[in-house]
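Working notes for the structure below.
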Amino acid sequence: MAIDAQIRVEAATVADIPELIELVNEGLNPEGEYNIYPHNAHGAKYATDVFEALLKADNSRIKLLVVRDAEGYPIATGTIYVIATGDVFTSAWNNWGISLQRGMKQEVLDSLFGAWTKRHNKLMSNQPRVFVEALVTRNTWQKRGCATAILTEADKIADEIDVPLFLDGAVPEFYERRGYSALLDDSGVEASAVPMLRKKKSERV
1 MAIDAQIRVE AATVADIPEL IELVNEGLNP EGEYNIYPHN AHGAKYATDV
51 FEALLKADNS RIKLLVVRDA EGYPIATGTI YVIATGDVFT SAWNNWGISL
101 QRGMKQEVLD SLFGAWTKRH NKLMSNQPRV FVEALVTRNT WQKRGCATAI
151 LTEADKIADE IDVPLFLDGA VPEFYERRGY SALLDDSGVE ASAVPMLRKK
201 KSERV
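Letter 25 of the sequence shown, counting from 1, is numbered 25 in the UniProt record's numbering, and no numbers are missing.
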């Protein structure tokens with residue numbers, strides 16, 4: 001998919017957090033579906049704590065990215081993790097010890113991010129890889145290259161260190177067009193989305 005000439009990808013900042021919360025609410029946390037936290041001040045506090053933790057993490061291992069429109073407004077986001085050989089992946093949304101707020105339930109987070117994380121580690125085992133998590137785009141900017149722009153950044157990181165790229169694909173066909181293939185899921189973990197892998201550069205040439 002062509003990338004809209006108006007947009008640009010940058011590292012997110014603390015000032016972006018209110019808009020990042022709006023993005024997650026729209027893309028990952030709609031009422032009645034993945035209702036991972038309440039849409040109120042308590043939920044916003046939890047999401048703020050998660051984003052602040054990601055921004056404070058080692059930038060060589062974790063990059064919280066944002067796609068901006070021509071005016072600089074955040075219209076998409078995604079987090080890129082560089083996972084070394086033997087490392088176990090943990091998600092800031094469920095495994096970093098961030099305190100739950102009023103109205104939240106651990107079992108709700110476990111059923112989504114916890115399941116994805118457990119399956120991820122079972123399928124990828126000790127392999128080094130790059131992982132993209134919580135890739136979301138504003139509804140009004142769908143199909144204009146925002147997700148592609150973030151994935152392009154992830155591709156560059158993975159290719160530079162010659163490791164595969166793993167993600168959970170809600171729309172497998174989109175990722176297949178970018179060179180990903182669905183993994184045989186023999187993890188025994190019930191999780192939504194499709195586990196997908198893009199081979200490392202040395203295996204694609």
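We put the CB at the ideal spot given by N, CA and C, even for glycine.
Give the secondary structure of residue i by DSSP, where H, G and I count as helix, E and B as strand, and everything else as coil.
| i | result |
| --- | --- |
| R119 | helix |
| G43 | helix |
| D186 | coil |
| D4 | coil |
| S111 | helix |
| F51 | helix |
| R178 | coil |
Report the rounded CA-to-CA distance for residue i versus residue j, giving the unit in angstroms.
| i | j | result |
| --- | --- | --- |
| L151 | Y37 | 26 Å |
| T48 | S181 | 33 Å |
| G169 | A191 | 11 Å |
| Q101 | E153 | 33 Å |
When we look at the beta-carbon of residue i and count the other beta-carbons within 10 Å, is it buried (16 or more) or exposed?
| i | result |
| --- | --- |
| F188 | Sequence inspection shows Gly at residue 188; the Phe mentioned does not correspond to that position. Classification for G188: exposed. |
| N25 | buried |
| W93 | buried |
| G32 | A caution first: G32 carries a pLDDT of 48, below 50, which makes its placement in the model too unreliable to give a value. |
Would you kindly report the start and end of the unbroken beta strand (DSSP E) that includes residue i?
| i | result |
| --- | --- |
| I75 | 74-83 |
| I62 | 62-68 |
| R129 | 129-137 |
Could you spell out where the alpha helix (DSSP H) holding residue i opens and where it closes?
| i | result |
| --- | --- |
| L151 | 146-161 |
| L28 | Element bounds for L28: n/a, residue is neither H nor E. |
| K201 | 201-204 |
Tell me, which residues are paired with residue i by DSSP?
| i | result |
| --- | --- |
| D168 | P195 |
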